[in-house]
Amino acid sequence: MATLGRLDWYDIARATNWTPSYVTEDELYPPELSGADGLRMEAWESYDEPYKQTYSEYVKVQREKDAGAYSVKAALERSNMYANADAGWISVMKAHYGAIARGEYSASTAEARMARFGKAPGMRNMATLGMMDEIRHGQIQLFFPHELCGKDRQFDWAHKAFDTNEWGIIAARHIFDDMFTTRGAAETALMLTFAFETGFTNMQFLGLAADAAEVGDWTFSSLISSIQTDESRHAQIGAPLVTVLIENGRKAEAQQIVDVGIWRAWRLFSVLTGPIMDYYTPLEHRKQSFKEFMQEWIVTQFERSLLDIGLERPWYWDEFMAQIDTQHHGQHLGVWFWRPTVWWNPAAGVSPDERDWLEEKYPGWNASWGKCWDVITDNLLEGRIELTYPETLPVICNMCQLPINTTPGPAWQVRDYAHTHEGRTYHFCSDPCRWCFQVEPARYAGHLSLIDRFLAGMIQPMDLSGGLAYMGLAPGEIGDDAHAYAWVEKVRAARERLAS
Amino acid sequence: MALFPLTSNFEEDFVLQLLPVDTDHTMDEVAAAAAHHSVGRRVADRPGHVMRVRRQGSTEPFPRTMTVIESGLAPMECIEVVWETPTLAAAGA
């Protein structure tokens with residue numbers, strides 16, 4: 001029997017909306033869960049998702065995707081990729097899995113909320129598929145690293161990181177809880193699918209898959225590609241939502257939510273993606289610098305998306321552009337210097353050739369970040385390794401939960417953006433992080449950063465050993481230089497050549 | 501005499517750091533404590549220079565013998581620790 005083509009019935013089926021008669025609309029869609037900003041159901045009928053898919057199509061395509069990713073994994077299990085991979089690349093995988101895998105379940109919760117409480121029928125359909133996507137992403141990104149636990153204990157953090165108080169995970173949980181699990185469906189869609197996924201992760205996964213292929217890690221590449229194709233579909237939930245909000249006089253509200261979302265996403269990417277691209281990925285495999293990647297894939301394309309749907313550039317655009325040039329260098333230096341506090345081994349990425357590359361991509365790097373690395377390098381060359389470790393904690397931003405840092409050297413620009421709210425002084429890394437707090441202080445005021453916890457006596461003893469115990473980092477798991485300081489010998493050899 | 505936390509922003513370093521000091525510490529002692537976490541770790545030493553402590557945003561350093569309690573600094577307030585050229589230091593600025 002012939003069946004109708006999807007286009008012949010999808011719109012009618014999708015628009016078959018509920019008309020509640022036994023309960024009120026607010027009982028069916030409680031405002032705090034729908035996040036619909038007072039817009040009634042009729043207003044959402046015009047929502048039109050650009051990517052349409054039915055459940056049966058979804059199941060067929062997803063089955064093929066899973067079969068592809070798992071087949072590549074099975075075929076390459078006996079390859080020597082892991083044994084032969086550069087230590088920097090192994091660290092990329094560890095950082096990625098620990099920071100992302102369990103967060104996918106938070107994203108699934110977000111999609112589930114949209115699937116039930118979104119007022120637009122099309123949004124509910126797309127989110128139903130998105131909810132299943134994110135479960136798949138959680139499962140597959142836990143399964144793939146599991147086989148590596150036997151080779152390296154740090155891979156255990158792919159699963160357990162989210163249950164610890166490690167500082168990077170506190171930062172990841174803070175943003176994921178804020179954007180994914182504690183807002184109404186409409187706000188969640190704007191923050192997760194539009195700001196976070198359209199703006200950042202969709203493109204980030206494209207870049208990561210390409211990098212993995214470049215270093216010969218086909219298993220990771222196929223896994224990430226498989227996930228990215230889901231992202232590119234469900235990331236489209238948010239944009240038509242903006243259209244509905246603007247048409248109904250809610251542009252300012254949509255703009256504010258998107259602005260908070262973009263900034264928060266950027267901060268997370270500055271610590272996770274920037275160091276991976278510019279320091280961990282082996283030099284010979286780098287296609288683009290992080291800055292070039294951001295400018296091409298994130299800034300240009302996302303800026304166009306923003307303007308196309310009727311929003312404006314966020315008010316902090318100039319600051320955002322400036323940070324793309326600088327911020328990840330500080331995050332990287334901080335992660336490396338406080339390396340015992342992470343679950344992967346940071347690659348320093350500052351051998352002579354790598355520094356040349358950094359100077360070429362970021363003119364002035366040697367006169368700023370390079371100054372700090374000069375001191376570190378000299379200490380390692382002269383056997384003063386104890387001076388390459390910290391004896392105190394960095395001060396943490398009360399919004400992004402990352403160390404407050406910026407450009408060092410003669411152009412020294414570091415400062416605290418403090419703000420007092422109801423008698424408590426909060427510390428922020430930048431104007432935009434402080435602004436995120438100020439627009440909704442009640443949401444954030446109760447949270448304690450790692451420093452707040454330390455000062456409150458929650459971390460005992462009040463030293464590195466107490467800090468590591470609080471963060472759940474055991475011997476054998478704590479980070480150290482990825483290449484066991486082999487890069488220092490390259491510096492020594494280069495200096496000896498110069499001297500002879 | 502009590503433990504007092506400050507935020508250290510050391511000239512030419514890249515990061516703000518937690519700086520535990522004592523309320524009776526002088527500004528020279530505060531500067532030395534801040535230097536312990538920056539100089540020789542990520543900031544090159546400047547022999548002959550004096551380190552001065554000032555409030556974030558201020559151009560005037562605190563007197564070198566002023567104590568933390570006398571300074572009016574709040575817990576976790578951000579101080580800037582800056583190098584002073586030997587000439588100025590000798591003039592007792």
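Those sequence lines, one after another, are chains A and B. Residue numbering for the first sequence follows the numbering used here, starting at 1 and increasing by one per position. Residue numbering for the second sequence follows the numbering used here, starting at 501 and increasing by one per position. Note that beta-carbon positions come from the ideal geometry of N, C-alpha and C, so glycine has one too. Every value quoted in this text rests on a predicted model; they were computed, and no experiment measured them.
- Note on geometry: alpha-carbon atoms of Tyr389(A) and Glu382(A) lie some 15 Å from one another.
- Cys372(A): member of the alpha helix (DSSP H) spanning Trp369 to Leu381, first to last residue.
- Beta-bridge partners of Trp583(B) (DSSP): Met551(B).
- Assignment of Tyr70(A) by DSSP, reduced to helix, strand and coil, places it in the helix class.
- Assigned with DSSP and collapsed to three states, Asn509(B) falls in strand.
- Contact between the segment 239-250 of chain A and the segment 39-59 of chain A is present, with at least three C-beta pairs closer than 8 Å.
- Among the residues of chain B, none has a CB under 8 Å from the CB of Gly479(A); the nearest is roughly 17 Å distant.
- For the pair Tyr316(A) and Phe302(A), the Cα-to-Cα distance works out to about 15 Å.
- Contact between Ile459(A) and Val395(A) is absent: CB atoms are separated by about 15 Å, not below the 8 Å threshold.
- Interface criterion met: the Cβ of Gly334(A) is under 8 Å from a Cβ in chain B.
- Taken through DSSP and simplified to helix, strand or coil, Asp152(A) comes out as coil.
- Here DSSP, grouped into helix, strand and coil, assigns Val543(B) to strand.
- The CB of Trp412(A) comes closer than 8 Å to the CB of Glu511, Glu512 and Asp513 in chain B, given here in chain order.
- Contact annotation, Ala367(A) with Asp481(A): C-beta distance approximately 24 Å; criterion of less than 8 Å not satisfied.
- Of all alpha-carbon atoms in Gly5(A), Tyr29(A) and Cys429(A), the one lying nearest the alpha-carbon of Val515(B) is that of Cys429(A).
- According to the DSSP assignment, Arg424(A) belongs to the beta strand (DSSP E) that extends over Arg424 to Phe428.
- The C-alpha of Gly184(A) is placed about 46 Å away from the C-alpha of Ser79(A).
- Taking C-alpha positions only, Gly370(A) is separated from Thr406(A) by approximately 13 Å.
- Taking a cut-off of 8 Å for Cβ pairs, the segment 287-295 of chain A and the segment 335-346 of chain A do not touch, as fewer than three such pairs fall below it.
- Contact of Ala171(A) with chain B by beta-carbon distance below 9 Å is absent, the smallest such distance being about 15 Å.
- Look at Val521(B) here: in three-state DSSP terms it is strand.
- Look at Asn80(A) here: in three-state DSSP terms it is coil, with no helix or strand label.
- Judged by their CB atoms, Val488(A) and Leu387(A) are not nearer to each other than the 8 Å cut-off.
- Listed along the chain, the chain B residues whose CB falls inside 7 Å of the CB of Pro403(A) are Val515.
- Residue-level contact by beta carbon fails for Glu382(A) and chain B, as no gap is shorter than 8 Å.
- In the structure shown, Asn345(A) falls within a coil segment according to DSSP collapsed to helix, strand and coil.
- Only residues of its own chain outside the window of five on either side were considered, and among them Leu516, Cys578 and Glu580 have a CB closer than 6 Å to the CB of Asn509(B), listed in chain order.
- DSSP places Cys436(A) in the helix class (H, G or I) of the three-state scheme.
- The Cβ of Leu573(B) sits no closer than 8 Å to any Cβ of chain A.
- Those residues of the segment 417-433 of chain A placed with their C-beta closer than 9 Å to a C-beta in chain B are Ala418, Thr425, His427 and Cys429, ordered along the chain.
- Annotation: Thr243(A) is outside any beta strand (DSSP E); the continuous alpha helix (DSSP H) that includes it extends over Gly238 to Glu247.
- Residue-level contact by beta carbon holds for Arg542(B) and chain A, with a gap shorter than 8 Å.
- Restricting attention to alpha helix (DSSP H) runs no shorter than 4 residues, the segment 256-289 of chain A encloses none.
- Within the model, the alpha-carbon separation for Arg443(A) versus His421(A) is close to 12 Å.
- Within chain A, the C-beta atoms nearer than 8 Å to that of Thr507(B) come from Val395, Asp416 and His427, in chain order.
- In this structure, Gln331(A) places its C-beta atom within 8 Å of the C-beta atom of Pro275(A).
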